[in-house]
Each structure stands twice: as C-alpha cells, then as structure tokens.
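Going by numbering that gives the first Met the number 0, the sequence shown opens with residue 0, and the numbers climb by one from there.
Each residue gets a CB set at the ideal place from its N, CA and C atoms; glycine is no exception.
Here the structure comes first, spelled out in structure tokens, and everything after it is commentary.
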Amino acid sequence: MRNEGTVTEQLYRGAFKFGGYEFWKKTFIDAVGVDKASDYRAPIYLASAGIAEFFADIALCPLEATRIRLVSQPEFASGLVSGFSRILSQEGVGAFYGGFVPILFKQVPYTMAKFGVYEAVFEKMIQATGKTKETLKASTFTSLNLAAGVIAGMAAAIISQPADTMLSKVNKVRAEPGAGMMTRLSLVASQLGLKGLFAGTGARLVMVGTITAGQFAIYGDIKKALGATSGVEIAKVKKIAA
C-alpha cells in the first residue's frame, strides 16, 4: 500500500482541497440562491469537491510524482527539490504528469465521497441530537465531526483504493517509449487482478479514516469559529437540520 504522503504534501493538499471546496460551494450557492441550493445541496457538495480536487491535482501532481519516485528509487535523489530538478532536466515537464489520469481517477472520486459523505452524515447526526449546532457543547460538536470524518474517510478509501494501487505502480518506473497511459493502466490492472487492486484496503481504512477524522474535526471547529456556511446552514431553509 502506498503511504498517504508526506506531512508537507498533506498540508498543501489539504489547503487546496478544503479551501477550494469552500470556494466552489459558496460560488454555487451564490449562483443559484440559498433556496435552490437547499434542494440541490448534495450535487453542490459533490461538484464543489470534484472541481476543487481537479485544480489541486494540477498543482500537486509534480510533487506526488517526485515523492513516489523517491520512495521507489531512494538512490534517485537526496530530497524533493533535487528529485524534482532531476526529473525536470532528464525527462521533461511531461514526466510529472505521467500519473495525472490515475490521480484523477483516484482523487476526484475520493474527495467527492469524502465531502459528500461527511456533509450527509454530519447533517443526520445534528438532527439526531435534537439541538441546533450553535447550542451543542464544543466537545459534542468536535465528537460529531470526528465520527462523521471517520465514516467519510472509510467510504473515500474504499472508492479510491483501485486507482490508488494503480497510481503507485504507474509512477514507480519510467514509461516505456510509445506506451500510452491507458495502455499502462490496463497492463497494471490485468497484472494485479481484482484482489490485487484492493490489497491493503484494511490498513488503508484505518489510516485514511483516522486522518480524515482529524481533518474534519479541525475543519469543523475552524468553520464554526469563523461562522462559515456549511451543509447544515444550507439545509436550514427546509428545516431538516439545525
């Protein structure tokens, strides 16, 4: 199983992903109005997450490709900067995006599931308390974010596992001349089989679930402190949530 990235990569990805998600969600809400946004909040969550991830992947694909090369070939370079420079000088800019398609296959569904499931689960949990979000104790609010984050992380991990496995394989070696991305992906998939594509899922469920729970706990607390719009606020119009 490929590890989930360095702390630096996670911080950058989190900034692009969470920030982009809030930006696009607000953009859609402003465009259609709160009333209609309440009716179509699930598509808004999914679209916002997918678009945010797409742009995050464009920005972070070179970092991901360099990191995986260093993991698979420790002697390739001494660090990210030197590894990046060597790939750029020897293989060109295109080498950084050799895994862009599988990254999209993995990350876009992953992020859509992550935010979509989180928003739905958190909304139901708020309803179950019978209270408004504002009247919940801080500890209860954080606990709900943690629980929703665990569920969202596990759902996202299962959905993205096959693409995650193929991504790690594609980026570990330099592409053969003339080998297209779909050809390389088909070869990897055929070599691994269904069982191989889902190898390591159990461990990844624990890892991603834990990481995601922490992310959403921080995310929720920051949003509450800033008074930012959330799925719960969108749903208020229909009075189905706090």
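| query | result |
| --- | --- |
| Cβ-Cβ distance between LEU204 and ALA156 below 9 angstroms | yes |
| TYR39 (DSSP reduced to helix, strand or coil) | coil |
| Sequence ranges, alpha helix (DSSP H) only - wholly within the stretch 88-175, length at least 4 | 99-128, 137-169 |
| At least three beta-carbon pairs within less than 8 angstroms, the stretch 132-149 to the stretch 91-107 | no |
| ALA137 classed as buried or exposed, judged by whether at least 16 other C-beta atoms fall within 10 angstroms | exposed |
| Close-in-space but distant-in-sequence residues of the same chain around PHE99 (CB under 6 angstroms, 5 per side omitted) | CYS60 |
| Closest by C-alpha distance to TYR11, when choosing among ALA55, LEU186, VAL70 | ALA55 |
| THR190 - DSSP class collapsed to helix/strand/coil | It should be pointed out that residue 190 corresponds to Gln in this sequence rather than to Thr. GLN190: helix per DSSP, three-state reduction. |
| Coarse secondary structure for ALA14, derived from DSSP in three states | helix |
| Start and end residues, alpha helix (DSSP H) containing GLY219 | 200-225 |
| Selection from PHE140, THR141, LEU193, ILE125 that minimises the alpha carbon distance to ALA162 | LEU193 |
| The stretch 34-53 touching the stretch 102-116, judged by at least three CB pairs closer than 8 angstroms | yes |
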